[in-house]
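See below for the structure under consideration.
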Amino acid sequence: MKKRIIYIAISVAVCLLIGFLSGFATQSSVNEWYTTLNKPSFTPPNELFAPVWTVLYVLMGVAAGVVWSKGYHHIWVKTALYHFVFQLLFNALWSIVFFGLKNPLLGLLVILVLLTLIMLTIKWFKVVSKAAAILMVPYLLWVCFAAVLNYKVWELNP
364 MKKRIIYIAI
374 SVAVCLLIGF
384 LSGFATQSSV
394 NEWYTTLNKP
404 SFTPPNELFA
414 PVWTVLYVLM
424 GVAAGVVWSK
434 GYHHIWVKTA
444 LYHFVFQLLF
454 NALWSIVFFG
464 LKNPLLGLLV
474 ILVLLTLIML
484 TIKWFKVVSK
494 AAAILMVPYL
504 LWVCFAAVLN
514 YKVWELNP
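This note's numbering numbers the first residue of the sequence shown as 364 and each following residue consecutively.
What follows is the structure in structure tokens.
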């Protein structure tokens with residue numbers, strides 16, 4: 364039980380760190396470039412993004428920690444965590460591409476890959492822990508919403 368809590372704490376910290384770093388690296392574009400874009404009517408207020416992402420990163424970290432605690436020596440655990448790491452990297456890449464490079468079209472391509480990786484991660488998490496897979500569902504739903512939002516921003520800003 365103690366190891367499980369340690370794995371969860373490390374995983375949550377890593378997820379929050381990745382989120383913080385990608386957010387920090389792109390903050391000036393969020394405050395300047397993004398505000399000038401045409402956005403769809405269903406765009407949430409900017410103040411909503413940080414708390415939502417914080418909750419999602421915590422849920423992702425708990426899920427990864429639960430999977431990790433099942434034993435890294437197990438091939439299914441390794442496979443699940445490899446998928447998790449790749450999707451986390453694409454999560455950060457999306458922020459860099461969309462906001463840092465100010466490229467909604469390339470961001471859309473990245474987020475579609477991210478969605479695929481999240482679904483694969485959930486599939487592998489479910490093999491190891493059904494609870495961990497369920498913890499990833501809000502993240503999947505939010506990224507689906509973000510993909511639609513990304514598409515509409517690209518469409519409205521030719």
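Even for Gly, the Cβ is constructed at its ideal location relative to N, Cα and C.
Nearest residue (CA-CA) to residue i, options the options
i: Phe508; options: Lys486, Phe412, Lys365; result: Phe412
i: Trp505; options: Phe449, Thr398, Thr417, Thr389; result: Thr417
i: Ala426; options: Val500, Asn513, Trp517; result: Val500
i: Phe383; options: Lys365, Val421, Pro407; result: Val421
Cα-Cα separation, residue i to residue j
i: Cys378; j: Asn401; result: 30 Å
i: Gln390; j: Val511; result: 21 Å
i: Phe405; j: Asn513; result: 12 Å
i: Val473; j: Trp457; result: 6 Å
i: Phe461; j: Gly470; result: 5 Å
i: His436; j: Lys465; result: 41 Å
i: Lys366; j: Glu410; result: 36 Å
i: Ile371; j: Val429; result: 6 Å
Residue i, enclosing alpha helix (DSSP H) - first and last residue
i: Glu518; result: 500–519
Secondary structure of residue i, DSSP reduced to three states
i: Pro414; result: helix
i: Pro408; result: coil
i: Lys441; result: helix
i: Leu464; result: coil
i: Ser374; result: helix
i: His436; result: coil
i: Leu475; result: helix
i: Ser392; result: helix
i: Leu400; result: coil
i: Ser492; result: coil
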